[in-house]
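Chains as they are written, first to last, in numbering that gives the first Met the number 0: chain A, 0 to 134; chain B, 0 to 134.
Protein chains: 2
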Amino acid sequence: MYALGTHLLVELRDCNPEILKDLNKVKDALVSAAKEAKATIIDVSFHEFNPFGISGMVVIAESHLSIHTWPEYSYAAVDIFTCGDIIKPEVAAQYLIRRFESKTPSVVEMKRGILSFDNEKRPHKVCEEVVEVLS
Amino acid sequence: MYALGTHLLVELRDCNPEILKDLNKVKDALVSAAKEAKATIIDVSFHEFNPFGISGMVVIAESHLSIHTWPEYSYAAVDIFTCGDIIKPEVAAQYLIRRFESKTPSVVEMKRGILSFDNEKRPHKVCEEVVEVLS
């Protein structure tokens, strides 16, 4: 299966709330995660909310990383959306799990932009191979 | 089930490629979608890539909207991440499906930050109600 993008939905539960409420630490963690994954950073936007909680985006040439933190629940929602074969989103996810000290993280991988004509081509190819074997 | 965030993963297939490659049209569509959903826009960041393709983020007080377009495949990946009960992410999704003229869209809804103690409380509450009815 060939997809245009790989999207990791990272649930960072049981994190260190003191890190989740620190704008500079959250920003540095996301930017560093992008660099760890060998991404090319294009733009960075982080904002702090009252009473607490931080939202941040790191736009990369290979798509984006985003985070929303709820320090009061020791929770952060992270998305790592990448395209291409060079960047490794799982490296960024593992790095962020360590940086936020998440004790019970979970990661869901979604394939985005699955190209249907790739799926249609595969059975045709298999049929041809079978014919060759039988002849 | 109570979750901190609602995340719509929108696959915009069979779109109008001329719209997907137009930076101003893509930016206006995302910003307008945020306004349609009654979101409070905090920051906007859009970038065009060579040979074509646009990445954009709209940071809102209620989380974010993002888009990555592949005009060569008439495809765009949109994420609409919201928190709170006032904003309606499905309104933004429906608006973007129309704006990009997607003929075969799909939407996956993910609940982010499910609060486990809410799930634990519910059965206790039900037990108490049953006792009251029987006594």
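Cβ atoms here follow ideal geometry from the backbone N, Cα and C, with glycine treated the same way.
Could you tell me which of the options sits nearest to residue i, measuring between CA atoms?
i	options	result
Gly83/A	His67/A, Val57/A and Ala38/A	Ala38/A
Glu17/A	Met109/A, Phe80/A, Thr68/A and Val30/A	Thr68/A
Met56/A	Pro104/B, Ser105/B, Ser65/B and Lys102/B	Ser65/B
His44/A	Ala2/A, Ile59/A and Ala36/A	First, the amino acid is wrong: residue 44/A is Ser here, not His. Comparing Cα positions, the closest option is Ile59/A.
Glu30/A	Asp42/A, Cys14/A and Lys20/A	For the sequence presented, residue 30/A should be read as Val rather than Glu. When each option's Cα is compared against that of Val30/A, the closest is Asp42/A.
Asn49/B	His6/B, Tyr1/B and Lys20/B	Lys20/B
Ile53/B	Tyr1/B, Ser105/B, His63/B and Val77/B	Val77/B
Leu108/B	Ala75/B, Val9/B and Ser62/B	Here the sequence assigns Glu to residue 108/B, which means Leu is not the residue at that position. Cα-wise, what sits closest to Glu108/B is Val9/B.
Thr81/B	Leu11/B, Val90/B and Asn15/B	Val90/B
Thr5/B	Glu71/B, Lys34/B, Thr103/B and Lys87/B	Lys87/B
Ser105/B	Ala2/B, Leu7/B and Tyr1/B	Leu7/B
Ile79/A	Cys14/A, Met0/A, Asp13/A and Lys34/A	Lys34/A
Ser73/B	Tyr1/B, Leu3/B and Asp13/B	Asp13/B
Phe51/B	Glu61/B, Tyr94/B and Glu71/B	Glu71/B
His46/A	Glu47/B, Ile40/B and His46/B	Ile40/B
Tyr94/A	Asn15/A, Gly112/A and Ala36/A	Ala36/A
Ala92/B	Leu3/B, Ser62/B, Ile113/B and Ala32/B	Ala32/B
Ile85/B	Arg111/B, Ala2/B and Glu61/B	Glu61/B
Asn15/B	Ala75/B, Leu114/B and Tyr1/B	Ala75/B
Ile113/B	Ile113/A, Thr103/A and Tyr1/A	Thr103/A
At which residues does the alpha helix (DSSP H) containing residue i begin and terminate?
i	result
Ser136/A	Since the displayed chain A opens at 0 and closes at 134, residue 136/A lies outside it and no answer follows.
Ala91/A	Pro88 to Arg98
Tyr59/A	For the sequence presented, residue 59/A should be read as Ile rather than Tyr. No alpha helix (DSSP H) holds Ile59/A; the beta strand (DSSP E) holding it covers Ile53 to Ile59.
Which first and last residues belong to the beta strand (DSSP E) in which residue i is found?
i	result
Glu47/A	Ile40 to Glu47
Arg111/A	Ser105 to Ile113
Ala75/B	Tyr74 to Cys82
Glu17/B	Careful: Glu17/B lies outside any beta strand (DSSP E), inside the alpha helix (DSSP H) at Pro16 to Leu19.
Glu10/A	Ala2 to Leu11
Ile85/B	Taken as a continuous stretch (DSSP letters only), Ile85/B belongs to no beta strand (DSSP E), as it is neither H nor E.
Ser65/A	Ser62 to Trp69
Three CB pairs or more closer than 8 Å across the region 6-26 of chain A and the region 96-108 of chain A:
yes
May I ask you to list, following chain order, the residues of the region 37-54 of chain B that have a beta carbon less than 8 Å from some beta carbon of chain A?
Ile41, Asp42, Ser44, His46, Phe48 and Ser54
Which residues, taken in chain order from the region 2-26 of chain A, show a beta carbon closer than 9 Å to some beta carbon of chain B?
Leu3, Gly4, His6, Leu8, Glu10 and Arg12
Using a Cβ cut-off of 8 Å, which residues of the region 78-89 of chain B contact any Cβ in chain A, in chain order?
Along the region 78-89 of chain B, the positions whose C-beta sits under 8 Å from a C-beta of chain A are Asp78, Phe80 and Cys82, read in chain order.
Residues in the region 59-80 of chain A with C-beta within 8 Å of chain B's C-beta atoms, listed in sequence order?
Result list: Ala60, Ser62, His63, Ser65, His67, Trp69, Tyr72, Tyr74, Ala76, Asp78 and Phe80.
At a Cβ cut of 7 Å, what residues of the region 98-109 of chain B count as close to chain A, listed as they run along the chain?
Met109
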